[in-house]
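Residue numbers (our numbering): 13 to 303.
Cβ atoms here follow ideal geometry from the backbone N, Cα and C, with glycine treated the same way.
Nothing here was measured: the structure is a model prediction, and the numbers come from that model.
Report on the following structure.
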């Protein structure tokens, strides 16, 4: 075979690359594990909504004030749209990143454990393209997981509570349409907040050939960072933890929107994505694939 023919043989067609991405998405979202994770995420707003409905059935109000994080729960009885914000705040500290950690940790290690990684690399994908495809699939799961929580919360909120104009954290009134738009924006910000976790999980996935070990390590790192983020003596380091500014999405419910913490959050996620994405690339492209 000539050099020109060899170059053509090993250079992936862009359509082939899109086919690889489509295949990865189909495989990921057809797995029972993925469907179970999405099912658990969808159940959280349902349980929160039912609990609030039962607690306020006698006309009493739910405790909580302010407006950040789970304190959104105090507004659910006035407007079911607040269940979207509450559901995202309740799942973001652990359930959402845990689900992402499971999918990201298994991305490459699961293929190696099943003995299919070597066969994927035989196809004209190249390690870099395969790694990018895996990361794109994890990003798609981040978005799907976040939207699952938001849509479930919106449906339950509309079913159990009234909808209409709502009051922001700043005390101003906005229309339901604007509130719904902000809910969509908040869901996108929450999905973006998981990109650092996704890159970390993908890097861990390149370090081992065991999917279970990679998933456990990624979730273990999540728990460790969450614990460290609560220790006052580490206050100087905490702003650099990928989870530190997660609940800054509440600032989108201010009037005007307070952007400072949101920018910090997205900046930290981009930094983690670049650092651990580069580390994953360096490890994966130099790794001996035996399975």
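- Under the criterion of beta carbons closer than 8 Å, residue 217 and residue 203 do not qualify as touching, at roughly 20 Å.
- Taking a contact as a CB-CB distance under 8 Å, the pair residue 263 and residue 253 does not count as one, their CB atoms being some 18 Å apart.
- Rounded to the nearest angstrom, the gap between the Cα atoms of residue 271 and residue 277 is 10 Å.
- Counting only the Cα atoms, residue 45 lies some 15 Å from residue 149.
- Distance check between residue 40 and each of 61, 153 and 117 places 153 closest, using alpha-carbon atoms only.
- Here the alpha carbons of residue 113 and residue 231 stand approximately 6 Å from one another.
- As computed with DSSP, residue 179 is found in a beta bridge with 185.
- Sorting 181, 182, 197 and 173 by C-alpha distance to the C-alpha of residue 64 places 173 at the top.
- Under the criterion of beta carbons closer than 8 Å, residue 53 and residue 160 qualify as touching, at roughly 5 Å.
- For the set 105, 283 and 195, the Cα lying nearest the Cα of residue 207 is the one of 283.
- Beta-carbon to beta-carbon, residue 95 and residue 61 are separated by about 5 Å, close enough to satisfy the 8 Å threshold.
- Rounded to the nearest whole angstrom, the C-alpha separation of residue 175 and residue 192 is 10 Å.
- An exposed status is given to residue 244, since fewer than 16 other beta-carbon atoms sit within 10 Å of its beta-carbon.
- In the structure shown, the three-state DSSP call for residue 269 is coil.
- Of 49, 33, 266 and 237, the smallest CA-CA separation from residue 256 is found for 237.
- By the CB criterion at 9 Å, residue 196 and residue 58 fall outside the cutoff.
- The Cβ atoms of residue 188 and residue 93 lie closer than 9 Å to each other.
- Pairing residue 155 with residue 201 gives a Cβ-Cβ distance that is not under 9 Å.
- For the 9 Å CB-CB criterion, residue 90 and residue 224 do not form a contact.
- Within the same chain, and ignoring the five residues on either side of residue 292 in sequence, the residues whose Cβ sits closer than 6 Å to its Cβ are 214, 215 and 218.
- Here the alpha carbons of residue 129 and residue 299 stand approximately 12 Å from one another.
- Distance from the CA atom of residue 222 to the CA atom of residue 144, rounded to whole angstroms, is 20 Å.
- Excluding five sequence positions before and after residue 118, the CB atoms of its chain that fall closer than 6 Å to its own CB belong to 223 and 227, given in chain order.
- Inclusion of residue 147 and residue 211 in the CB contact set at 9 Å is warranted, their separation being smaller than that value.
- In the three-state reduction of the DSSP assignment, residue 125 falls in the helix class.
- Within a 10 Å sphere around the beta-carbon of residue 66 sit fewer than 16 other beta-carbons, which makes this residue exposed.
- With fewer than 16 other CB atoms across the displayed protein chains lying within 10 angstroms of its CB, residue 183 is exposed.
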